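In this note's numbering, the protein residues as written are 1 to 390.
Reviewing the structure listed below.
Structure below.
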């Protein structure tokens, strides 16, 4: 394979803006930004494939540095710092400079960061998602069509930022107090949605959707996976493969992976809160840290073949609806009352920290090493730009 000059773009947590704080300044304000350990992992994986890697902070110096180094492609992990467009700012610069980059484009990143706008898109495509309302002042009357308990969170954050036990609001008074607090602390609209009692599932997706003609050619690359499916279940046009792995509990488990028109849906991961009986079952910023007292991660999630297929199809549908590229992660709650997967949100710029981030754990369960995962994302972008050479 041809080797490339790759600019690795990141937003270091250590370089986050220093701002005046007050009693309502949230402790998790910059939790989405990269640690030095994460960036080192990205760089090591890219170098392992033989590429020349140029690490660059995604700040005001970036344009000059890009013009100076003239990379073939950028591996983008920049979260940005301010505004509704923060995740889309660096891709917009790269589009302006006509430099290829990994991951989704400006529109997808901007829409996905706005959770309310994402839900409007999901509703348009009839993708199941909880009913919702947006609060801007905190004084709006609650939509009478919404059923308590309700769930309140910042509309423009990721990584579980702003989510605590108080996010679950069982009365109008609790809702009003939590919405007003979140408005003060995060200074952005607050999304309130119907709380879904049920299992927490997240699913990664790799690759890019293809038109039918291109997909017919690509099918040859997946014949081995489809042969595996034929041995275990009735394969359809959207079938996938099964692999047997040894999860952490030492027991063998079947990993069902699904392939659709050029994308690969990774095994679903379940966040099991049973080791934490005294806290609310919420996958928030604190829980997502590398804490020894955290939940268990079950990957592959112990779902039926039917439910795994439903989650896979909804993952692809959400990826398509938001017009994402290369990789993403879709978060679900499996509604306890009827086992219906409900899409909570999509993250087209998910964390890629080695041995920690959800999509990394899912890839590992599928037999994809960390270096392979990073290379797969880069290769998907190179193919998309017509730069890939076998």
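Just so you know, even glycine gets a beta-carbon here, dropped at the ideal spot from N, CA and C.
The model shown is predicted, which means the values in this text are computed figures rather than measured ones.
Three-way DSSP call (helix, strand, coil) for residue i in this model
i, result
"residue 213", "Because residue 213 sits at a pLDDT of 46, beneath the cut-off of 50, its placement in the model cannot be relied upon, and the point is left open."
"residue 76", "strand"
"residue 140", "coil"
"residue 342", "strand"
"residue 6", "strand"
"residue 111", "helix"
"residue 21", "In this predicted model, residue 21 has a pLDDT of only 49, less than 50, meaning its place in the structure is not dependable; the value taken from the coordinates is given anyway. Residue state, collapsed to three classes: coil."
"residue 368", "coil"
"residue 202", "strand"
"residue 207", "strand"
"residue 179", "helix"
"residue 59", "coil"
Beta-carbon proximity of residue i to residue j, cut-off 8 Å
i, j, result
"residue 315", "residue 203", "yes"
"residue 160", "residue 354", "no"
"residue 324", "residue 104", "yes"
"residue 271", "residue 200", "yes"
"residue 380", "residue 206", "yes"
"residue 165", "residue 267", "no"
"residue 150", "residue 177", "no"
"residue 299", "residue 361", "yes"
"residue 192", "residue 132", "yes"
"residue 56", "residue 36", "no"
Residue i classed as buried or exposed, judged by whether at least 16 other C-beta atoms fall within 10 angstroms
i, result
"residue 124", "exposed"
"residue 147", "exposed"
"residue 186", "buried"
"residue 156", "buried"
"residue 77", "buried"
"residue 326", "buried"
"residue 308", "buried"
Integer-rounded CB distance, given that residue j should sit under 8 Å from residue i
i, j, result
"residue 182", "residue 152", "6 Å"
"residue 128", "residue 342", "5 Å"
"residue 6", "residue 46", "5 Å"
"residue 87", "residue 122", "That pair is no contact at about 18 Å."
"residue 391", "residue 317", "Residue 391 lies beyond the stretch modelled for the chain, which goes from 1 to 390, so this question has no answer here."
"residue 346", "residue 333", "14 Å between Cβ atoms; not a contact."
Of the listed residues the options, nearest to residue i (C-alpha basis)
i, options, result
"residue 96", "270, 63 and 120", "63"
"residue 8", "1, 298, 69 and 307", "69"
"residue 38", "104, 171, 351 and 128", "351"
"residue 115", "134, 105 and 75", "134"
"residue 391", "101, 90, 107 and 370", "Within the shown structure, residues of the chain are numbered from 1 to 390, placing residue 391 beyond reach of any answer."
"residue 34", "79, 319, 356 and 137", "79"
"residue 4", "11, 48 and 10", "48"
"residue 306", "106, 349, 340 and 12", "340"
"residue 330", "370, 262 and 321", "321"
"residue 51", "359, 141 and 371", "371"
Residue i: CB within 7 Å of a non-hydrogen atom of the ligand PLP
i, result
"residue 83", "As far as ligands go, the structure on display features none, and thus does not contain the ligand PLP."
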